[in-house]
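Residue numbers (the numbering used here): 20 to 252. Each residue gets a CB set at the ideal place from its N, CA and C atoms; glycine is no exception. Accompanying notes for the structure given below.
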Ligand SMILES: Nc1ncnc2c1ncn2[C@@H]1O[C@H](COP(=O)(O)OP(=O)(O)OP(=O)(O)O)[C@@H](O)[C@H]1O
Ligand SMILES: [Mg+2]
């Protein structure tokens with residue numbers, strides 16, 4: 020469903036991504052790991068058609084990022100790093116706006132479902148700008164899920180969540196992952212162990228590990244140990 024083939028991204032002189040290839044099937048929740056500056060967000064921006072690769076190709080649900088970018092976007096729910104939102108809008112107003120962009124027929128119902136799913140009900144009276152960080156994160160997740168996409172690309176989805184919220188949002192992601200492709204980035208190894216069945220580790224724009232969590236943990240005491248070993252330079 021998601022196929023990344025020999026993707027390279029060069030910013031000026033810098034190789035942010037260097038010949039990255041992997042594919043993800045339905046039902047997989049893949050943790051994309053790597054130190055700051057490794058290229059995780061760059062890869063996600065390429066998959067979601069925000070920026071083009073310098074070389075290589077990506078196919079999502081059978082659509083190509085160069086030939087069918089609109090179809091690619093329709094298949095993907097994307098929570099970008101820093102979670103950009105319209106701070107002057109109320110939550111239902113914003114979600115209706117997103118639903119209308121996707122031309123959803125049942126937009127009112129989907130907005131209500133997303134509010135319920137992501138636990139936004141207590142904050143409906145506030146503008147997005149007045150929400151706490153964790154609640155904004157939930158709005159970001161709600162907008163990513165609203166069109167029931169087959170592929171979810173989540174750039175550090177659990178940043179800023181308190182332990183209770185973390186638990187709930189993890190459940191939402193795990194549940195979504197049963198029938199979708201999920202690619203999420205995180206710096207928290209516990210997070211990977213709690214949510215993902217596979218991890219891809221990148222360092223300086225190159226893949227240094229790719230395997231099921233069971234496989235990766237078999238050879239190492241923990242994901243932390245593996246991460247340190249592969250990314251310490
Ligand atoms: N627009 C840009 N122009 C120039 N360099 C960029 C640009 N965007 C990203 N980079 C560089 O590309 C490299 C990869 O950045 P990226 O944001 O993909 O890393 P990341 O793995 O998401 O890191 P983090 O964990 O800090 O979010 C970094 O060295 C970054 O400075
Ligand atoms: Mg990033």
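- Query: Apart from the five residues just before and just after residue 230, which ones in its own chain have a Cβ nearer than 8 Å to its Cβ?
  - Reply: 217, 218
- Item | Same chain, Cβ closer than 6 Å to residue 250, five either side skipped, listed in chain order | 54, 222
- Task: Could you please go through the chain and list the residues whose beta-carbon is closer than 7 Å to any non-hydrogen atom of ligand 2?
- Result: 59, 60, 100, 174, 175, 204
- Thinking residue 185 and residue 177 are a contact (beta carbons under 8 Å), I'd like their distance in whole angstroms, please. 6 Å
- Message: Looking only at its chain, what residues have a beta carbon closer than 7 Å to the beta carbon of residue 117, apart from the 5 residues adjacent to it on each side?
- Response: 162, 165
- What's the C-alpha gap between residue 226 and residue 220? 6 Å
- Please report the residue range of the beta strand (DSSP E) in which residue 34 lies. 33-43
- Message: Using a 10 Å radius around the Cβ and a threshold of 16 neighbouring Cβ atoms, would you call residue 246 buried or exposed?
- Response: buried
- Are there 16 or more other CB atoms within 10 angstroms of the CB of residue 120, so buried, or fewer, so exposed? So residue 120 ends up on the exposed side.
- Query: Is residue 33 near ligand 1, in the sense that its beta carbon is under 7 Å from a heavy atom of that ligand?
  - Reply: yes
- Item | Ordered list of alpha helix (DSSP H) runs contained in the segment 157-199, each at least 4 residues | 182-196
- Task: Kindly indicate which three-state DSSP category residue 46 falls into: helix, strand or coil?
- Result: coil
- Message: Quick test of the definition: if touching needs 3 or more C-beta pairs under 8 Å, does the segment 38-54 touch the segment 143-162?
- Response: no
- Task: Report the residue from 57, 135, 196 whose alpha carbon sits nearest the alpha carbon of residue 252.
- Result: 57
- Cβ contact (3+ pairs, closer than 8 Å) linking the segment 83-101 and the segment 38-48: no
- Query: Contact check, residue 100 vs residue 174 under 8 Å by CB: the rounded distance?
  - Reply: 4 Å
- Task: Return helix, strand or coil for residue 137, following the three-state DSSP convention.
- Result: coil
- Task: Keeping to the same chain, check which residues put their C-beta closer than 7 Å to that of residue 68; ignore five residues upstream and five downstream.
- Result: 84, 88, 91, 92
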